[in-house]
Structures are given as C-alpha cells and as structure tokens.
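Numbering (UniProt numbering), first residue to last: 1 to 106. Below is one structure, written out as structure tokens; the observations come after it.
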C-alpha cells in the first residue's frame, strides 16, 4: 500500500472508478493492526486500488470527508464517497467490504 499525498488522493479519486483511501496516524496502535489487515486484503485482491494517508498531512480532505477517528477506510465510487469504515473487525470483514465495490469478471 503506497502513501498518498493530498494531491495524489484527489487525482486518484477523480481518475479511477473505485478507490479506497486508508486514513491513519503514526501513533495509533489500532491503525497498525488495521494496516496489517489491509495488506492481507491487498494481496487477496490484486486489482484493488488502495492508498494510505496520514490524516495529519491531508487535513483538508480529512475535514471535508468528516473523518471522525482513525483508523478509517473510505470507499469512493465514481469520484464520490460511498462508505466510511471505522471498525476493522477482521480480515474477512475488510475483504468483503472492499470486494463489494469491485467489478467481477463476467
């Protein structure tokens, strides 16, 4: 999972149909666990477009999206936010959350 700047988040959300942005802070222990879960999901879903951003460095977008706490996974579809996930219950839960937005081959 690559670290995205504010500009990169804005660009990718505009360019891609489905994008996930993981918001975190470096001092957040729960964020470290969530990061590990997301890395597993990223391996299971190689076509997943996901990046991570430290809320301390992307404050304008975090404020605009009304990010209430971290960790937070935000799903974008067609350039619009469609879901915010704060509870990273399990790898399976995160996997299913991401998979529901991805196109399946016909």
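Where a beta carbon is used, it is the ideal one built from N, C-alpha and C, also for glycine.
Determine the contact status of residue i and residue j, defining contact as a CB-CB distance below 8 Å.
i           : j          : result
residue 2   : residue 79 : no
residue 86  : residue 72 : yes
residue 102 : residue 41 : no
residue 74  : residue 28 : no
residue 45  : residue 99 : yes
Taking 7 Å as the line, does the beta carbon of residue i fall inside it for any heavy atom of the ligand SAH?
i          : result
residue 13 : The ligand SAH is absent from the structure shown, which contains no ligand whatsoever.
Starting from residue i and walking both ways along the alpha helix (DSSP H), at which residues does that stretch end?
i          : result
residue 99 : 91-99
What residue does the beta strand (DSSP E) around residue i start on, and which one ends it?
i          : result
residue 81 : 80-85
Leaving out the 5 sequence neighbours to the left and right, which residues in its chain are closer than 6 Å to residue i when beta-carbon positions are compared?
i           : result
residue 16  : 49
residue 106 : The predicted model places residue 106 with a pLDDT of 46, which falls under 50 and marks its position as unreliable, so this point remains unresolved.
residue 11  : none
To which residues of the same chain is residue i closer than 7 Å at the C-beta, ignoring the five residues directly before and after it?
i          : result
residue 54 : 24, 25, 26
residue 62 : 23, 55
residue 67 : 23, 55
Closest to residue i by C-alpha separation, out of the options, would be which residue?
i          : options        : result
residue 7  : 30, 57, 38     : 57
residue 97 : 13, 33, 20     : 20
residue 5  : 99, 30, 59, 43 : 59
Ordered along the chain, which non-local residues of its own chain (more than five positions away) have a Cβ less than 8 Å from that of residue i?
i           : result
residue 37  : 88, 90, 91, 94
residue 107 : Outside the shown range of the chain, which is 1 to 106, sits residue 107, and nothing can be said about it.
residue 13  : 19, 21, 76, 79
What residue ranges within the region 7-72 form continuous alpha helix (DSSP H) runs of no fewer than 4 residues, ordered along the chain?
29-44, 59-64
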